[in-house]
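Student: Residues in the sequence shown are numbered consecutively from 100, following the numbering used here.
Built from N, CA and C at the ideal position, the CB exists for glycine as well.
First, the structure itself, so that you have it in front of you.
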Amino acid sequence: MEKMDAQKYQEWYDQNRDQYEGLVNTLEKLIETLLKEERIPYHSVNGRVKDRDSFLQKFERKPYKEPGEMMDIAGLRIITHTTAEVERVCGLIKREFSVDPENSGDKAAEMDVDKVGYLSVHYVATLSPARAELREYRRFRGLRCEIQVRSLLQHAWAEMEHDRSYKFAGVLPKEIQRKFYLVAGTLELMDQEFCALSQEIDSYAARVKEQAAQGQLGGIAIDSTSLLQFLDEYFKECDPEKLSTAFPEHSSMIIDELSNFGIQTLQQLRKLLSAKTARQWTANQEHKYVAILRDSMLLENPKNYFESAWNQNWSGISSVDVESWRELGIDMQEVEKYIEIPPFSEDKTEIKVIKARSSTAK
């Protein structure tokens, strides 16, 4: 078959671009859903359709006979935090898609042992036959997409090396080239260390979870990992719809509050929470872990909380909060010695600003 001329290629591109846009948008959502279901942490999932100029330029360079032979008209890039997560994503891609092994590969595995540089795994893939039969995917049957998988540091290297508008592109003097590849090797070592550190944290979290399940809390100190693992175990039988387990980015704030209140170990925390059962803490409204921890301190000793721990870390309150405090049995007269609770409307979702009573609160 003779190669199509450029005009026909351009017409084909214009006629098919929307379909490839639909493929990219659909695969972005699908992959994000799969990653969340598998609980694989990731940094980003981004897709793109090759623009017309790039498409035509590649057509001129490559001996394609048909436009559909081009494998990267649609492209997706999945960026993870560590190389261990890269491996997990790769396993997911192989399970969930039909992968073309001849046109897929691992750049790191192909690299000689004495070389450093661009590391990435890429797949040329189509929807699996089973998924392609589903109504929402049927129109994308047989369309190919290039899927790249990288860690953050691998992505940093690739962007530095391959951005043609950047000063590092092209051929460099040997002494600079050597430094450049030393940096690349350092990035690779850092990637390995981040991976090892991540695995160590996971092992620590697993130990804490097991000890919490067995009640062997001993002198385990409260930190972000141990606190989350303990709370997940403590509230495991609660209705997940009534419990928001998301922890804030700045978990150090609630850990500081607990510490200033006098709670520094998981054993002390379990004793504090035992004032109510796990189901009682979540019975009346949707709760977040942070709210439960603060409520537990307020129930135990409002004076200690406001004078030692609060530090005005939160300054808003809703009618639901006040209602929950009363139902939990928190001493509202004691609370109102430290904060001025504003009047509320019937709108229970409304957040009101609270004021500290200057004579007593810090």
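Under DSSP, the beta strand (DSSP E) around L175 begins and ends at which residues?
Tutor: A173 to T179 is the span of the beta strand (DSSP E), which, as asked, contains L175.
Student: For Y404, tell me which candidate among E433, S350, I275 and R277 has the shortest Cα-Cα distance.
Tutor: Of the listed residues, the one whose Cα sits closest to Y404 is E433.
Student: Just reading off the alpha helix (DSSP H) that N115 is part of, what are its end residues?
Tutor: Per DSSP, N115 belongs to the alpha helix (DSSP H) from A105 to E136.
Student: Just how far apart, CA to CA, sit G284 and C294?
Tutor: Using only the alpha carbons, I get a separation of about 15 angstroms.
Student: How long is the line joining the alpha carbons of V188 and E232, rounded to whole angstroms?
Tutor: Looking at the two C-alpha atoms, the distance is approximately 24 angstroms.
Student: So, helix, strand or coil for E356, using DSSP?
Tutor: Looking at E356 - three-state DSSP - the assignment turns out to be helix.
Student: On the criterion of 16 or more Cβ atoms from any shown chain inside 10 Å, does A270 qualify as buried, or is it exposed?
Tutor: According to the sequence as given, residue 270 is Val; it is not Ala. By the neighbour-count rule (16 or more Cβ atoms within 10 Å), V270 is not buried but exposed.
Student: Buried or exposed, going by whether 16 or more other CB atoms sit within 10 Å of the CB of V212?
Tutor: A caution first: V212 carries a pLDDT of 43, below 50, which makes its placement in the model too unreliable to give a value.
Student: Relative to the C-alpha of A382, which residue among E435, E110 and W424 is closest?
Tutor: Nearest option by C-alpha distance: W424.
Student: Closest to A257 by C-alpha separation, out of C244, L286 and Y236, would be which residue?
Tutor: Answer by Cα proximity: L286.
Student: Let me confirm a value: Q77 is counted as buried when at least 16 other C-beta atoms fall within 10 Å, else exposed. Which label applies?
Tutor: Residue 77 cannot be examined here, being either before or after the span of the chain that is shown, 100 to 461.
Student: Relative to the C-alpha of R369, which residue among F329, L155, Y280 and E406 is closest?
Tutor: It is F329 whose Cα lies nearest to the Cα of R369.
Student: Check I246 in the structure and name its three-state DSSP category.
Tutor: Correct three-state label for I246: strand.
Student: Taking 8 angstroms as the cut-off, decide whether the C-beta atoms of Y108 and P166 are in contact.
Tutor: Yes.
Student: What is the rounded straight-line gap between the Cα of R243 and the Cα of S203?
Tutor: One C-alpha to the other measures close to 12 angstroms.
Student: What is the DSSP secondary structure of E232, counted as helix, strand or coil?
Tutor: Coil at E232, not helix or strand.
Student: Rounded to whole angstroms, how far is the Cβ of I139 from the Cβ of E184, which I believe are closer than 8 angstroms?
Tutor: At roughly 6 angstroms, the Cβ-Cβ gap stays under 8 angstroms, so I139 and E184 are in contact.
Student: Please go through the same chain and pick out, in chain order, the residues whose beta-carbon is closer than 8 angstroms to the beta-carbon of Q298, but skip the five residues on each side of it.
Tutor: So the list reads A183, once near-sequence residues are dropped.
Student: Mapping DSSP to helix, strand and coil, what is T225?
Tutor: If DSSP states are grouped into helix, strand and coil, T225 belongs with the strands.
Student: Could you say which of D394, P228, A408 and V419 lies nearest to I429 if we only look at CA atoms?
Tutor: Measuring from the Cα of I429, the nearest candidate turns out to be D394.
Student: Could you have a look at K436 and say whether DSSP puts it in helix, strand or coil?
Tutor: K436: coil per DSSP, three-state reduction.
Student: Straight-line CA distance for E110 to F154?
Tutor: Cα to Cα, E110 sits roughly 12 angstroms from F154.
Student: On the criterion of 16 or more Cβ atoms from any shown chain inside 10 Å, does Q247 qualify as buried, or is it exposed?
Tutor: Q247 comes out buried.
Student: For the alpha helix (DSSP H) containing I275, name the first residue and the last one.
Tutor: It spans K273 to Q313 - the alpha helix (DSSP H) in which I275 sits, taken as one unbroken run.
Student: Could you work out which residue in A390, S350, R234 and I354 is closest to V419 when comparing CA atoms only?
Tutor: It is A390.
Student: Let me make sure I understand the geometry here. Which of T181, A173, A224 and L371 has the alpha-carbon closest to that of K193?
Tutor: The candidate whose alpha carbon is nearest that of K193 is A224.
Student: Assuming I172 and V148 form a contact by the criterion Cβ under 8 angstroms, report the distance between their Cβ atoms to the nearest whole angstrom.
Tutor: Contact holds; Cβ gap of about 6 angstroms.
Student: Buried or exposed: D290, going by 16 or more other Cβ atoms within 10 Å of its Cβ?
Tutor: When all chains shown are included, D290 counts as buried.
Student: With DSSP collapsed to three states, give me the class of N412.
Tutor: Three-state result, N412: coil.
Student: Skipping 5 residues on each side, what residues in its chain have a beta carbon closer than 8 angstroms to that of R237?
Tutor: Here the set comprises A231.
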